[in-house]
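Everything below concerns the one structure shown next.
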Amino acid sequence: MIEVPPFPLANTPSGALAIDQPEKKRETNLVHMAWRGRWLILLCMLVGAAISWGVLQRVTPRFKSVSRIYVERNLPKIFSGDSQVGQSATYLYTQAELIRSTPVLAAVADSEEFSKLPSFREVDNRVGLLQKAISVSVGQQDDIINVWGELPNADDAARLVNGVVDAYITKYAENRRSNTVDVLKILRNEKEHRDAELEQRRKDLAEFRKQHPALSLQFDKENLVTRRFSQLSEQLSHTEIELLEARARYQRTKELFDKPSERMHLLETATKEKVAVHDADLENALQQVEQSLTAERAHWGEGHPRVKMLRDSATELRAKLKQQQEAILASYLDGLRQEYEILEQKQKELRTEYDQQFKSATDLSSQELELASLEEAFKRTEEQCDIFDKRIKEVNLSEDVGAMNVSIMETAAASKLPSYPIRSRFLAAGLIIGGLVGFGFAWLRDLLDHRLKTVEEIASVLELPVLGALPHFGNYEESVSNGRLVAIAPRSAAAEAFRTLRTALHFGLSDRDDIKTIVITSPTPGDGKSTIASNLAIAMAQSDQRVLLIDADLRRPTQHLIHEVSAERGLGSVLTDRRPVAEAVHTNVLHNLDVLPCGPLPHNPVELLNNGFFADMLDKLRERYDRIIIDAPPVMPLADSRVIAALADATLLVVRTDQSTRRLSLAARNELWRVRASRIGVVVNGVSMRKHNYGYGYGGADGYGYYGYISDDSVGSEASTRRSTKRPALIAKSPNETEPRPTVDVTSS
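Numbering of the sequence shown is given in the numbering used here, commencing with residue 629 and proceeding in unit increments.
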């Protein structure tokens, strides 16, 4: 059984804003989508693996052979170690290109040793075949060059790789040896020219020093004239900085001295720097006199002789203190002026001496520059001669001088396992590609599938409370028998689900005594609204309520088939002929349940429902019954249900999982809102208990299993009774009732 907690019914929205609100963007859960399409994904993976296996059977296998060589260049170094390219990365990549060059490959293709290989049979362009088959790469972590070839014949691949390596060594490594003698001749000729140049520069340097002996006078590897000029320059710079500071200090102090208001601040600075001229005793004496004056004035008053004496003494001390402060300020200002004048005189004297020394240093500097130039040229020539001597000594005049050393680290060998195709990778790629294709198909199917699949999705899309979720009924005996499941199988999970729906409606409507008519409709046909209306009416009747079930589907009625009552008279005849309802109502079809079938099908059902007579009939029936369940037509194809919903007290919209679409369900909800249908709720039908994991956990997979406390015998006997009887026995009367329920008197309607 599927259990959904009760919710209050939704009220009708007011205004067009709630009715015409846009549909929410659909959220896609990739995990759930993949799980729903798991069989499609698995099928595509199997197809991909099968295709990969078929390709493996048709692909010609190829075998790879690898030879690893180390190339070390030992050519003569001309000038310095920074300019050699023997071990550079560029050199290694150049050698890799030379190995695959056309001359090397042509030497292998034209060789009689390789011309009869099976791989060269029926091949016109052997060099082109080698260019496609042979590859060369340089190691990223080392200086090893890898030469590898890939051919359908493993022996041919190994022999051709080794042949390419041998041809490279023969063509390029051997040819480089002939250049060594020419290099030695060039080095020796250049060495003779450099020796003559070195001797000439030595003579020029000695002659210049003889002509300028003053350059030899040095102190700590520095000329005396230059040293003295450097010292004077340093002292002059330091004195000029001090002069600027002294000038600024004197001018600022003079400005403060000329302003009486700033003299106290200047006095503090002067007092700190001229402590010797400051008389602290005078200030202490003045402070004591002022304190005594204050005390005596408070005691004797202003006119007392003692007060006058202290006042005169204080005035005299203030005058002395002020005179002392003026002297301090004048002395401080005069000291700054003298300091400034002394520095100014010092700067003038240093400037004069600096100018004289600058002239001497300038004359000497030109000579030193010329000397330094001669010494640098001599040193450079001497170093070049030493380099040539060293390089000539490094050259070996034997046959191997200047050769490029090639070490074969690993010889190519025939491989027993093919390098292409690798079966595991092919199959894995087929599975992955198939899985991706299957996932794409599943995603496309989910994108194009607008059906509502879960209770949560229905509640989120419709934004209405879900009052009940009913299981998938399956094929339980005849299809019309599904409308009496609550009576036929009262202990099944489906019957319990209807009771849960009844409970949700009871608590949702318990606070409103005027809510008696409940319309049950659906967006489209086939959602199970008639079955739910019949079972809900039976469940309410079992709760000791007087219930009337009205089949208002004037297009395709089914309630007379479900309850096996006559359809000669019904709602259609009542509305058409304005006959009393009592003549058409079938009383006590079940205990506490009356049924008003559809009756003859009218030609104009919408006009009959909307002419006011149907509304008056419902008002009078409300006085006779506790609940009136109306089985209305679908909302979208017909307008009947919209008229009925506008007259009813509550509306239940039946939505079937995996069948009802988002667009039609939302359209049905909006149509009910437009006619201002009151208290709309949703009943979800056809929910798979296994798929959605709903229910109490007892009963069969089809939703008809019994409670665990019922014995197998009783279940079997009850099932056999249902199979042997065309119409099963309905629920028994209440023990408190001995007489049948009296017929409802509605003759006035």
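Just so you know, even glycine gets a beta-carbon here, dropped at the ideal spot from N, CA and C.
Note that the structure is predicted; figures quoted are calculated from it, not measured.
Please classify residue i as buried or exposed, where buried requires at least 16 neighbouring CB atoms within 10 angstroms.
i       : result
GLN1170 : buried
SER1001 : exposed
SER623  : The first residue shown for the chain is 629 and the last is 1377, placing residue 623 beyond what the model contains.
THR1145 : buried
LYS976  : exposed
PRO746  : exposed
PRO731  : exposed
THR881  : buried
PRO1093 : buried
MET937  : exposed
ILE814  : exposed
GLU778  : buried
SER1194 : exposed
ASP1222 : buried
ASN753  : exposed
VAL1209 : buried
ILE1257 : buried
With H, G and I counted as helix, E and B as strand and the rest as coil, what does DSSP make of residue i?
i       : result
PRO1099 : strand
MET1037 : strand
LYS570  : Outside the shown range of the chain (629 to 1377) lies residue 570, about which nothing can therefore be said.
LEU1092 : coil
PHE691  : strand
ARG965  : helix
ASN790  : helix
ASP1341 : Confidence in ASP1341 is poor, its pLDDT being 35 and thus under 50, which makes the residue's placement unreliable; the coordinate value appears in the next sentence. Here ASP1341 sits in helix by DSSP.
GLY1314 : strand
GLY665  : coil
ILE772  : strand
THR1279 : strand
GLU741  : coil
ILE727  : helix
LEU957  : helix
THR990  : helix
GLU911  : helix
GLU750  : coil
SER1288 : coil
THR922  : helix
LEU1145 : The sequence shown places Thr at residue 1145, rather than the Leu named in the question. In the structure shown, THR1145 sits in a strand (DSSP, three-state: E or B).
Rounded to a whole number of angstroms, what is the C-alpha to C-alpha distance between residue i and residue j?
i       : j       : result
LEU605  : SER1120 : This structure leaves residue 605 out entirely; the chain is present only between 629 and 1377.
SER858  : GLU981  : 12 angstroms
ILE772  : ARG829  : 48 angstroms
ARG1390 : GLU1251 : In the structure displayed, the chain extends from 629 to 1377; residue 1390 sits before or after that span and is not available.
ASN817  : THR718  : 31 angstroms
ALA1122 : ARG1112 : 11 angstroms
ALA1125 : LEU1098 : 6 angstroms
ALA824  : SER994  : 28 angstroms
PHE1241 : ASP1286 : 39 angstroms
ARG856  : GLN985  : 8 angstroms
GLN952  : GLU862  : 42 angstroms
ALA786  : SER693  : 5 angstroms
GLN715  : ILE1036 : Its pLDDT being 48, under 50, GLN715 is placed unreliably in this model, and the coordinates cannot settle the point.
ALA1041 : GLN769  : 24 angstroms
THR990  : LEU999  : 14 angstroms
ALA958  : LYS987  : 44 angstroms
ASN1239 : HIS1191 : 29 angstroms
LEU720  : VAL699  : 8 angstroms
ARG1127 : ALA1260 : 21 angstroms
ARG939  : ARG925  : 10 angstroms
THR897  : LEU864  : 29 angstroms
ARG822  : THR798  : 37 angstroms
Beta carbon of residue i, beta carbon of residue j: below 8 angstroms?
i       : j       : result
VAL793  : SER695  : yes
LEU1095 : MET673  : no
ARG1174 : ASP1254 : yes
PHE1069 : SER680  : no
LEU826  : GLU1010 : yes
GLU911  : ALA942  : no
PRO1185 : LEU1203 : no
LEU914  : LEU949  : yes
Query raised in the report: If you scan the region 1198-1274 from start to end, which runs of the beta strand (DSSP E) of 3 or more residues do you find wholly inside it?
Result: 1214-1218, 1221-1224 and 1255-1259
**Report entry** Ordered list of alpha helix (DSSP H) runs contained in the region 1147-1206, each at least 4 residues
**Finding:** 1157-1170, 1187-1190 and 1199-1205
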